[in-house]
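Novice:
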Amino acid sequence: MASQVSQEVAPREKRELTQAEERTEAGKFFSPYTDIHETERAVIVTMEMPGVGKDAIEIQLEKGVLTVKGTIDSAKYESVQPLYTEYNVGNFVRTFTVSPKVDAASISATVADGVLTVELPKAKEALPRRIAIS
Amino acid sequence: MVIRVRDPFATLLGLQRAMESVMGSDWFGTRTSGSGAFPLLNVFTEGDDFVVEAELPGVKKEDLDVQVRGDLLRIQGKKTVSYDENASIHRRERAAGQFDRTVTLPDEIDSAKVKAEFRDGVLKLRLPRAESAKPRTVTIN
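If you're matching them up, the sequences are chains Y and F in order.
Read in the numbering used here, the first sequence has 132 at position 132, and its numbers run on one by one without any break.
Just add 134 to wherever you are in the second sequence, counting from 1, and you've got the numbering used here.
Below, the structure written as structure tokens:
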């Protein structure tokens with residue numbers, strides 16, 4: 001049985017990134033809404049990146065920092081004229097500090113319906129161990 | 135073992151939110167629930183067509199229902215976020231629940247020619263104007 005998370009949908013503004021580092025790329029950057037949960041075997045990071053295709057996602061792990069970046073194809077907005085707009089469209093970027101107990105070699109990721117799931121499996125020594133009493 | 139701390143304000147906030155959504159839905163009014171509702175919409179024009187986009191990450195295609203009648207567009211569905219029961223949650227920012235939004239477009243829509251596409255969590259609707267709503271050039275004799 002999977003437990004349902006109840007946090008009602010409501011219109012909310014996307015969080016635009018205030019410049020922590022200067023970017024040379026054009027366009028806006030947003031911080032994706034993220035859930036992090038932990039199971040016995042792995043830490044799972046789920047990010048909402050609407051409009052970002054599978055090939056437009058970059059995941060990098062360097063010096064214990066996981067960087068996820070999703071790029072939006074803004075070319076499809078060139079032929080249309082805005083009439084009424086409620087949200088802005090832009091790239092997504094977010095960084096996480098990863099525990100050293102994560103097995104960096106076997107990190108995997110999947111994307112479905114604009115939701116990216118990154119699975120960070122725990123290293124062997126970090127897995128819970130059941131000790132038998134002799 | 136899952137320990138989930140219940141926010142004492144959550145119940146109260148939930149009630150407040152329910153009240154606000156009734157107020158915001160304009161159920162008793164003459165307007166449609168055009169503003170202050172989920173999902174947020176962007177409306178564009180491309181030639182004679184309207185293009186409506188909404189970001190619905192994590193919503194399944196089967197859970198989406200789009201209806202067009204006259205100049206009204208209704209988008210309803212549900213979004214679910216679920217995790218393994220034994221998981222402990224570190225951070226929770228994603229929202230889930232039911233939504234239903236109706237918007238009035240500036241012109242009548244040819245409902246037979248509406249095209250909908252749902253890709254990467256973005257719903258894109260192409261709504262051609264009805265023939266009767268298109269401007270016609272009148273020749274002067």
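Cβ atoms here follow ideal geometry from the backbone N, Cα and C, with glycine treated the same way.
How far does the beta strand (DSSP E) with Arg12 of chain Y in it reach, from first residue to last?
Specialist: Counting along the chain, Arg12 of chain Y falls outside any beta strand (DSSP E), and DSSP gives it neither H nor E.
Novice: Counting pairs of beta carbons, one from the region 189-196 of chain F and one from the region 97-105 of chain Y, are three or more of them closer than 8 Å?
Specialist: Too few Cβ pairs lie closer than 8 Å, so no.
Novice: What is the DSSP secondary structure of Phe143 of chain F, counted as helix, strand or coil?
Specialist: Looking at Phe143 of chain F - three-state DSSP - the assignment turns out to be helix.
Novice: Applying the criterion that 16 or more other CB atoms from any shown protein chain within 10 Å of the CB defines a buried residue, is Ala42 of chain Y buried or exposed?
Specialist: Result: buried.
Novice: Out of F:Glu154, F:Val177, F:Asp234, which has the shortest C-alpha to C-alpha gap to Leu259 of chain F?
Specialist: Of F:Glu154, F:Val177, F:Asp234, the residue nearest in Cα terms is F:Val177.
Novice: Whole angstroms are fine: how far does the CA of Glu125 of chain Y sit from the CA of Ala229 of chain F?
Specialist: Using only the alpha carbons, I get a separation of about 34 Å.
Novice: Report the residue ranges of all alpha helix (DSSP H) runs contained in full by the region 41-76 of chain Y; include only those spanning at least 4 residues, in chain order.
Specialist: Here no run is fully enclosed.
Novice: So, does the region 40-59 of chain Y touch the region 77-85 of chain Y, judging by three or more C-beta pairs under 8 Å?
Specialist: The region 40-59 of chain Y vs the region 77-85 of chain Y: no contact.
Novice: Report the rounded CA-to-CA distance for Ala104 of chain Y versus Ala246 of chain F, giving the unit in angstroms.
Specialist: Each residue's alpha carbon lies about 52 Å from the other.
Novice: Check whether the region 216-224 of chain F touches the region 237-257 of chain F, counting contact only when three or more Cβ pairs, one atom from each stretch, lie closer than 8 Å.
Specialist: Contact between the region 216-224 of chain F and the region 237-257 of chain F is absent, because fewer than three Cβ pairs lie under 8 Å.
Novice: Could you name the residues of the same chain whose beta carbon sits closer than 8 Å to that of Val115 of chain Y, not counting the 5 residues immediately before and after it, in chain order?
Specialist: Excluding positions up to five away in sequence, the list reads Thr46, Met47, Glu48, Met49.
Novice: Which whole-angstrom value is the C-beta distance of Ser31 of chain Y and Arg15 of chain Y, which I expect to be below 8 Å?
Specialist: About 5 Å; that satisfies the 8 Å criterion.
Novice: Should Ala188 of chain F go down as buried or exposed, given a rule of 16 or more other Cβ atoms within 10 Å for buried?
Specialist: Per the 10 Å Cβ criterion, buried.
Novice: With 7 Å as the limit, tell me which residues of the region 67-86 of chain Y have their beta carbon closer than that to any beta carbon of chain F; keep them in chain order.
Specialist: Under the 7 Å Cβ criterion, the region 67-86 of chain Y contributes Ser79, Val80, Gln81, Pro82, Leu83, Tyr84, Thr85, Glu86.
Novice: Closest to Glu154 of chain F by CA distance: which of Y:Glu8, Y:Glu25, Y:Leu17 is it?
Specialist: It is Y:Glu8.
Novice: The beta strand (DSSP E) spanning Leu83 of chain Y covers which residue range?
Specialist: Segment 81-85, the beta strand (DSSP E) holding Leu83 of chain Y.
Novice: Helix, strand or coil for Asp103 of chain Y per DSSP?
Specialist: If DSSP states are grouped into helix, strand and coil, Asp103 of chain Y belongs with coil.
Novice: So, is Gly204 of chain F buried or exposed, given that buried needs 16 or more other C-beta atoms within 10 angstroms?
Specialist: Under this definition Gly204 of chain F is an exposed residue.
Novice: So Gly262 of chain F is in the beta strand (DSSP E); what residue range does that whole segment cover?
Specialist: Note that residue 262 of chain F is Pro in the sequence shown here, rather than Gly. Taken as a continuous stretch (DSSP letters only), the beta strand (DSSP E) holding Pro262 of chain F covers 256-262.
Novice: Would a C-beta distance cut-off of 8 Å place Lys69 of chain Y and Asn91 of chain Y closer than the cut-off?
Specialist: A contact, by the Cβ cut-off of 8 Å.
Novice: Whole angstroms are fine: how far does the CA of Ala132 of chain Y sit from the CA of Pro121 of chain Y?
Specialist: Those two C-alpha atoms are separated by around 24 Å.
Novice: Any C-beta of chain Y sitting closer than 8 Å to the C-beta of Thr179 of chain F?
Specialist: Yes, Thr179 of chain F lies at the interface with chain Y (some Cβ there is under 8 Å from its Cβ).
Novice: Give me the Cα-Cα distance between Lys76 of chain Y and Pro128 of chain Y, rounded to the nearest whole angstrom.
Specialist: Whole-angstrom Cα-Cα distance: 49 Å.
Novice: State the DSSP-derived secondary structure class of Ala188 of chain F, mapped to helix, strand or coil.
Specialist: The answer is strand: DSSP assigns Ala188 of chain F an E or B state.
Novice: Does any residue of chain C have a CB that is nearer than 8 Å to the CB of Asn275 of chain F?
Specialist: Reference to chain C is not applicable here, since the protein chains of this structure are Y and F.
Novice: Closer than 6 Å by C-beta to Leu17 of chain Y: which residues in its own chain qualify, once you throw out the five before and the five after it? Chain order, please.
Specialist: Excluding positions up to five away in sequence, the list reads Phe29, Ser31.
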